[in-house]
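Residue numbers (full-length UniProt numbering): 1 to 510.
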Amino acid sequence: MDANNRGIDVRTVQVWFQANDNGISDKNIHWLARIFGCNDPVETSRWQSELKASKERLTTERRARRRVTTEPDREASGRVEGQMIRANESPGEIEAPLDQQELEYQKISLAGRAECLFLDGAPFGMVVTMWASVAVLLYIGYLLGAHDVTYSPVKDVEKQVGLFWSPNWLLDKLVWLPLIVFTVSSLVTSWKEQWRPLMVAESSDTTQSCSWDEKLALYSSSFVGITLVCFFIVFLLQWYGSYLQPLMQNDAGSRVIDWLLISIERPDVMSANQGMAASMYANLLSGIAYWYCFSGLMLLYIVSMDFKDISGRLRTGMKSNKSLEVLHIADSIVSGIFRCAVFSLLASIGIKLVAVYLMTDSENLMRWLVLDAGALIDVNDVSWTWFDKNPSASITSFFVMFIPVFVFFLCASQIRGSVRSLLTAKRAGNGDSIGPVGAAAKNTMKTWLSWAGVILLLVVNFWLIGRFTGFSVLLLTSCCAALFCVAGSQTSHATRDLMRKEELREAHGK
Numbered sequence: 001m002d003a004n005n006r007g008i009d010v011r012t013v014q015v016w017f018q019a020n021d022n023g024i025s026d027k028n029i030h031w032l033a034r035i036f037g038c039n040d041p042v043e044t045s046r047w048q049s050e051l052k053a054s055k056e057r058l059t060t061e062r063r064a065r066r067r068v069t070t071e072p073d074r075e076a077s078g079r080v081e082g083q084m085i086r087a088n089e090s091p092g093e094i095e096a097p098l099d100q101q102e103l104e105y106q107k108i109s110l111a112g113r114a115e116c117l118f119l120d121g122a123p124f125g126m127v128v129t130m131w132a133s134v135a136v137l138l139y140i141g142y143l144l145g146a147h148d149v150t151y152s153p154v155k156d157v158e159k160q161v162g163l164f165w166s167p168n169w170l171l172d173k174l175v176w177l178p179l180i181v182f183t184v185s186s187l188v189t190s191w192k193e194q195w196r197p198l199m200v201a202e203s204s205d206t207t208q209s210c211s212w213d214e215k216l217a218l219y220s221s222s223f224v225g226i227t228l229v230c231f232f233i234v235f236l237l238q239w240y241g242s243y244l245q246p247l248m249q250n251d252a253g254s255r256v257i258d259w260l261l262i263s264i265e266r267p268d269v270m271s272a273n274q275g276m277a278a279s280m281y282a283n284l285l286s287g288i289a290y291w292y293c294f295s296g297l298m299l300l301y302i303v304s305m306d307f308k309d310i311s312g313r314l315r316t317g318m319k320s321n322k323s324l325e326v327l328h329i330a331d332s333i334v335s336g337i338f339r340c341a342v343f344s345l346l347a348s349i350g351i352k353l354v355a356v357y358l359m360t361d362s363e364n365l366m367r368w369l370v371l372d373a374g375a376l377i378d379v380n381d382v383s384w385t386w387f388d389k390n391p392s393a394s395i396t397s398f399f400v401m402f403i404p405v406f407v408f409f410l411c412a413s414q415i416r417g418s419v420r421s422l423l424t425a426k427r428a429g430n431g432d433s434i435g436p437v438g439a440a441a442k443n444t445m446k447t448w449l450s451w452a453g454v455i456l457l458l459v460v461n462f463w464l465i466g467r468f469t470g471f472s473v474l475l476l477t478s479c480c481a482a483l484f485c486v487a488g489s490q491t492s493h494a495t496r497d498l499m500r501k502e503e504l505r506e507a508h509g510k
């Protein structure tokens, strides 16, 4: 190979197969991929992706073995052996020892732990744990008699505030958050093991690309901030201000009554101490659940920023099939962030919907929505009145609404800028002709624009709940449209078809 007259020393190859803590450097992986791929660009990139994925699996296995190893002499001999090998080899031919990688991995601590929760089989265990916790909450509500309970806020009105009638405590943890977890897991795994190595292989200078662990370490403080917000605001502040304080004073004040505060109006159903314990568990469960949600969104943000950094170093002379593959990766990332944003918005709408219902004199949630829809089409003229109360879940619903929307628009704008830069470079290299890449990019950006419209529509619905007669019709229509767009965002068939056609055309030309 012209770019590597020296080749790879035989001793270096022997080191790879010895029982030590060294690994193959990215430079040598690049040369091996060219050898195994017979210098074909497509096969070379595929080999490089597989080799890097295999290297990461080996590093993970070694790290797991080292954690369970308790023999100090064995560790010392391995360290000495590694030093002897490194003394015989040039610094550029072998990778840094695993001890250094272990230290770097420990530096990210919370960020690394958050990532591990979304990889491999951990997401399923996380979701099952969440479902089990919700089952415990349902059992607590049933034992306390708060699962189906009413109170009389005004004369001749029995208002239903039971746990089984409160989807804000159930649907988000049973449906929307598990969908977010699985979406984040699929996207991060695909980026780390498939898409990222593929894009790094197409970079003009692969040595400038930092590893995924290094990229993750840069955002470690953000995960600490997420943890503090979820513990002190979503859990502690909301529990103390909305539940603990009124239960201790036995006075709801201007707060609405829900199943956790029912002891104030119905001491025969639940005692104040039972309400304190149940509210602490329920709010702690919400804090943990939304830590999963916000941490997953943070990982998606890191993926999008990593895509932006790597795409800025892509070679200007990439073939059309490679450009289409990069475009497909961009579309998949934005699609995953869009789905998570929609699921989070549906969760926040559920919280806001119940909070607004508790401020009305309607008997139950379903009757309130049916009466509102009927009033719009003149089926009935029944209306409701408002209590002069404040909802207790306003802080949580705002965070769950605002953060995903902010992440979606920020990441989509960054990735859109990267795609436009790719098209500019493609146009410059082909004499103002971008062919199938330009057509696919145009269709993709139109799809992104429609997704942004769906996000804004859900945000408008969030703020308009209960603001006018017939809001329930608009809310139902918007939620159905959002779920329809989510179902259609799973794959980008047009981009994949163009990739196949372009590859076949190039193969036929050869």
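C-beta atoms are modelled at their ideal positions from N, C-alpha and C, and glycine is treated no differently.
CA nearest to the CA of residue i, picked from the options
i      : options                           : result
Lys27  : Cys116, Phe294, Ser263 and Ala201 : Ala201
Lys389 : Leu236, His30 and Gly253          : Gly253
Cys479 : Asp172, Ala33, Leu138 and Phe343  : Phe343
Thr189 : Ala439, Phe223, Ala122 and Asp40  : Ala122
Val256 : Ser185, Asp309, Lys192 and Val354 : Val354
Cys230 : Met318, Leu314, Arg315 and Ile403 : Ile403
Lys352 : Lys52, Arg34, Asp172 and Leu119   : Asp172
Ile349 : Phe398, Ser204 and Gln194         : Phe398
Ser152 : Leu138, Ala439, Ile264 and Leu110 : Ile264
Ser332 : Val154, Ala441, Phe235 and Tyr219 : Ala441
Ala375 : Leu237, Ser472 and Ile395         : Ser472
Met199 : His30, Ser335, Arg467 and Ala439  : His30
Leu237 : Ser279, Gly37, Ile310 and Val42   : Ser279
Met401 : Pro436, Leu345 and Ile377         : Leu345
Tyr219 : Thr59, Gly470 and Leu110          : Leu110
Ser25  : Ser54, Asp40 and Val42            : Ser54
Thr447 : Ala341, Pro436, Val334 and Gly470 : Val334
Leu458 : Leu476, Thr444, Phe468 and Gly438 : Leu476
Ser394 : Gly312, Val356, Gly438 and Thr59  : Val356
Val181 : Ser242, Ala341, Asn39 and Leu358  : Ala341
Gly377 : Arg313, Thr469 and Leu365         : In the sequence on display, residue 377 carries Ile and not Gly. Comparing Cα-Cα distances from Ile377 to each of Arg313, Thr469 and Leu365, the minimum goes to Thr469.
Leu358 : Gly466, Cys293, Phe406 and Glu43  : Gly466
Asn321 : Lys52, Val128, Thr129 and Val437  : Val437
Cys293 : Tyr240, Leu137, Ala347 and Asp40  : Ala347
Thr60  : Gly112, Ser413, Ala439 and Asn39  : Gly112
Sequence-distant residues of its chain with Cβ nearer than 7 Å to residue i (five each side left out)
i      : result
Ser133 : Leu285
Met84  : In this prediction, Met84 scores a pLDDT of 41, lower than 50, which makes its location untrustworthy; the coordinate-derived value is nonetheless stated afterwards. Excluding sequence neighbours, Met84 sits near nothing in its chain.
Glu363 : Val157, Glu158, Lys159 and Gln160
Trp259 : Gly141, Ala146, Val149, Val161, Gly162, Leu163 and Ser166
Proximity of residue i and residue j at Cβ, strictly below 8 Å
i      : j      : result
Ala282 : Leu177 : no
Cys411 : Ser304 : yes
Ile233 : Lys308 : no
Lys192 : Trp169 : no
Phe235 : Gly287 : yes
Gly296 : Phe408 : no
Ala481 : Val454 : yes
Met126 : Ile226 : no
Trp195 : Ile329 : yes
Close-in-space but distant-in-sequence residues of the same chain around residue i (CB under 6 Å, 5 per side omitted)
i           : result
Glu247      : With the sequence shown as reference, residue 247 is identified as Leu, and Glu is not the correct amino acid for it. Contacts found: Ala272, Gly275 and Met276.
Val269      : Gly145, Val149 and Ile262
Asp306      : Lys215
Trp451      : Phe338
residue 576 : Outside the shown range of the chain (1 to 510) lies residue 576, about which nothing can therefore be said.
Trp47       : Ala33, Phe36 and Gly37
Ile108      : Note on Ile108: pLDDT 46, under 50, position unreliable in the model; the coordinate value appears next. Cβ within range, chain order: Leu216, Ala217 and Ser220.
Phe124      : none
Residues bridged to residue i [DSSP beta-bridge criterion]
i      : result
Ser203 : Leu314
Trp386 : Thr360
Gln255 : Residue identity check: residue 255 is Arg in the sequence provided, not Gln. The partner list for Arg255 (beta bridge, DSSP) reads Asn390.
Asp160 : For the record, residue 160 in the displayed sequence is Gln; it is not Asp. According to DSSP, Gln160 bridges with Thr150.
Any non-hydrogen atom of the ligand MG closer than 7 Å to residue i Cβ
i      : result
Lys322 : Within the structure as shown, the ligand MG is missing, as the structure has no ligands at all.
Other residues of its chain near residue i: CB distance less than 8 Å, five sequence neighbours each side excluded
i      : result
Phe484 : none
Leu474 : Asn461 and Leu464
Trp131 : Lys173, Leu174 and Pro178
Gly336 : Thr183, Val184, Ser186, Leu187 and Leu300
Ala114 : Phe223, Ser295, Met298 and Leu299
Ile310 : Arg196, Met199, Val200, Ser203 and Ser209
Arg315 : Glu202, Ser203 and Ser204
Within-8 Å CB hit, residue i to chain C
i      : result
Ser478 : Protein chains in the displayed structure number just one, and chain C is not present.
- Item | Three-pair Cβ contact test at 8 Å for the region 320-340 versus the region 359-370 | Segments in contact, no.
- Message: Using 8 Å as the cut-off, can you tell me whether the region 177-187 makes contact with the region 417-424, which would need three or more C-beta pairs spanning the two stretches below that distance?
- Response: No, they do not touch.
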